[in-house]
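Chemist: Take the position in the sequence shown, starting the count at 1, then add 18; the result is the number in the working numbering.
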Amino acid sequence: MYSAHDLEHILGIELHTSSLDRIEHPILEKNHLIFYLKRDDKLHPIISGNKWRKLKYLISHALELNYDHLISMGGPYSNHLHALAFIGKQLNFKTTCLIIGEEKNKIKRRAVEKIKEQKKDKNENETEYTKRKDGKNT
């Protein structure tokens with residue numbers, strides 16, 4: 019298995035150490051609480067967060083087995099797929115990203131649009147038949 023340092027060299031990237039940043043706030047101080055936030059977003063501009071910890075084992079395994087094609091799936095705006103595609107490019111691997119969930123989002127958007135349309139039609143019909151107090155149509 020390749021070490022994280024070896025993978026950085028192979029990928030041609032430099033990963034920074036994630037820091038623990040102390041969060042200071044009057045409420046925390048008042049209650050004598052100390053709060054630290056692990057800043058994995060500082061690892062790398064593209065491979066940030068927990069993506070590196072997940073992908074480093076898979077990439078190491080792929081390299082050991084001489085694979086040259088990465089396949090994964092994620093949501094429409096997946097940072098995981100973005101990181102995987104970046105790694106694939108760095109290694110000259112073919113990368114296939116399967117986007118899941120988009121059709122469900124389209125169906126949801128269509129349903130919301132239909133509801134809005136029905137409400138608009140209902141409001142227009144109600145307005146058309148509203149009568150003033152003197153009995154005349156408005």
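All residues carry an ideal CB built from backbone N, CA and C; glycine is no exception.
#1: Taking the alpha-carbon of H98 as reference, which of T35, S66, G30 has the nearest alpha-carbon?
#2: Going along the chain, which residues of its own chain have a beta-carbon closer than 7 Å to the beta-carbon of A80, five neighbours each way excluded?
#3: If we ignore side chains and look at the alpha-carbon of each, how far apart do I31 and L61 end up?
#4: Can you give me the C-alpha to C-alpha distance between G92 and L73, rounded to a whole angstrom?
#5: Just the Cα atoms here: how many angstroms apart are Y20 and E26?
#6: Out of P44, N84, L102, state which residue places its alpha-carbon closest to the alpha-carbon of R71.
#7: Where does Y54 fall in DSSP's three states?
#8: In the DSSP assignment, find the beta strand (DSSP E) that holds I89 and state where it starts and stops.
#9: Between S78, Q136, K138, F53, which has its C-alpha nearest H23's C-alpha?
#10: Return the chain-ordered list of same chain residues with a C-beta closer than 6 Å to the C-beta of L33, the five sequence neighbours on each side being excluded.
#11: Of the choices D59, D58, I41, whose alpha-carbon is the least far from that of I52?
#12: Which two residues bound the contiguous beta strand (DSSP E) that contains K60?
#13: Within the same chain, show all residues whose beta-carbon is closer than 7 Å to that of K69, passing over the 5 residues directly before and after it, in chain order.
#14: Suppose the cutoff is 7 Å on Cβ atoms and the five residues either side in sequence are ignored; what does the same chain contact list for R57 look like?
Modeler: Quick look at the numbers:
#1: Within the sequence shown, the letter at position 80 stands for residue 98. Taking only the C-alpha atoms, the option nearest H98 is S66.
#2: The residue labelled residue 80 in the question sits at position 62 within the sequence shown. Once the five neighbours on either side are set aside, the close Cβ partners of A80 are L88.
#3: Taking the first residue of the sequence shown as position 1, residue 31 is located at position 13. Taking the first residue of the sequence shown as position 1, residue 61 is located at position 43. Approximately 11 Å, taken between the alpha carbons.
#4: Here residue 92 is taken as the residue at index 74 of the sequence shown, counted from 1. Here residue 73 is taken as the residue at index 55 of the sequence shown, counted from 1. Taking the straight line from one Cα to the other gives about 14 Å.
#5: Along the sequence shown, one-based indexing puts residue 20 at 2. Along the sequence shown, one-based indexing puts residue 26 at 8. When rounded, the distance between both Cα atoms is 10 Å.
#6: Taking the sequence shown and counting its residues from 1, one reaches residue 71 at position 53. It is L102.
#7: Indexing the sequence shown from 1 puts residue 54 at position 36. In this structure, Y54 counts as strand in the three-state DSSP scheme.
#8: Taking the first residue of the sequence shown as 1, we reach residue 89 at position 71. Note, I89: beta strand (DSSP E), 87 to 92.
#9: Here residue 23 is taken as the residue at index 5 of the sequence shown, counted from 1. It is S78.
#10: By one-based count along the sequence shown, residue 33 stands at place 15. So the list reads E26, L61, H62, once near-sequence residues are dropped.
#11: On the sequence shown, residue 52 is found 34 positions in, with the first residue counted as 1. Selected option, being the one with the closest Cα: I41.
#12: Here residue 60 is taken as the residue at index 42 of the sequence shown, counted from 1. Per DSSP, K60 belongs to no beta strand (DSSP E) and is neither H nor E.
#13: In the sequence shown, the residue the question calls residue 69 occupies position 51. Counting only Cβ-Cβ distances below 7 Å, and skipping sequence neighbours, we find N97, H98, A101.
#14: By 1-based counting over the sequence shown, the position of residue 57 is 39. S36, S37, D39.
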